[in-house]
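In what follows, a single structure is set out as structure tokens and then discussed.
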Amino acid sequence: MSTPLPYRNGNEVKLLPDELIVTKTDPTGHISYANRVFMRIAEYPEDALLGKPHNIIRHPDMPRGVYRLMWKTLQAEQEFFGIVKNYTATGNYYWVLANVTPDYGQNHKLEGYYSVRRPPSRSAIDAIIPIYEQMRQIEAKESKASAPDVSMQWLLDEMKRREISYEQFVLQLNGLTPASQGRTK
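Residues 0 to 184 (numbering that gives the first Met the number 0) make up the sequence shown, in order.
Dropping the structure here:
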């Protein structure tokens, strides 16, 4: 199946606790590598993924502001952590804890992006759903052009109110810390 079915309330597909989804994209976000776990979970054959925009799996429940934050983070040459709901080719969905990192080659030239995804905790999903619902409500009241920035700013303000960054929030929800991820920041 090469294109997803129209949005519907599908069934949740779950990654096994030790499974990792790995993809690589070019600098424009087009898939250049997808591991077998990704193909199985997303229900796409390899030839339907390679060369396609990674947002082929973007679930309509995901606020655009989260992706705006991701791209701003990546453009600042930093890695991004987020909880993401994705869409399968048959209309099902799955949640992931995503870690996206820029991939630089010689002379610090951007080659693309690596993304490693693992299953998030159920409590993390339950905690993020109302935040994403609020962001989508904000986006629905804005123009298409301004919606991602407005909802991203709401998310940043909400995290500031909680005295935590979005990245720290996501990692804490999953029982992780930047140090436990082998990061030095």
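A virtual CB, placed ideally from N, CA and C, is assigned to each residue, including glycine.
Quickly, what does DSSP pair residue i with across the bridge? List them, please.
i	result
residue 114	22, 99
residue 57	85
residue 79	99
residue 33	22
residue 43	Bridge partners of residue 43: none, in fact.
residue 92	11, 86
residue 16	In the DSSP output, where bridge partners are listed per residue, residue 16 has none listed.
residue 52	29
Are the C-beta atoms of residue i and some chain B residue less than 8 Å apart?
i	result
residue 47	Within the model displayed, chain B is absent; a lone protein chain is all it includes.
Within the same chain, show all residues whose beta-carbon is closer than 6 Å to that of residue i, passing over the 5 residues directly before and after it, in chain order.
i	result
residue 33	22, 48
residue 130	none
residue 124	94
residue 52	28, 29
residue 207	A query on residue 207 cannot be resolved here, the shown segment of the chain reaching from 0 to 184 and no further.
residue 18	36
I'd like the list of long-range same chain contacts for residue i, defined as Cβ closer than 7 Å, with 5 residues on each side in sequence excluded.
i	result
residue 158	164, 165, 168
residue 182	At residue 182 the pLDDT is 41, less than 50, meaning the model places this residue with poor confidence; the figure from the coordinates comes in the next sentence. Counting only Cβ-Cβ distances below 7 Å, and skipping sequence neighbours, we find nothing.
residue 72	79
Going by alpha carbons, who is nearest to residue i out of the options?
i	options	result
residue 119	26, 64, 71, 172	172
residue 44	87, 68, 126	87
residue 113	84, 143, 80	80
residue 115	31, 37, 29, 26	37
residue 91	144, 50, 57	57
residue 126	100, 140, 170, 143	170
residue 174	96, 140, 60, 136	96
residue 76	60, 142, 19, 102	102
residue 176	14, 98, 89, 35	98
residue 117	15, 154, 54	15
For residue i, which residues from the same chain have a beta carbon less than 8 Å from its beta carbon, with the 5 sequence-adjacent residues on both sides left out?
i	result
residue 138	62, 63, 64, 146, 147, 149, 150
residue 26	109, 110, 111, 112
residue 60	84, 92, 131, 135
residue 193	Residue 193 is absent from the model: the chain starts at 0 and stops at 184.
Q. Where are the alpha helix (DSSP H) runs, 4 residues long or more, that stay fully inside the segment 103-181, in chain order?
A. 121-139, 146-160, 165-172
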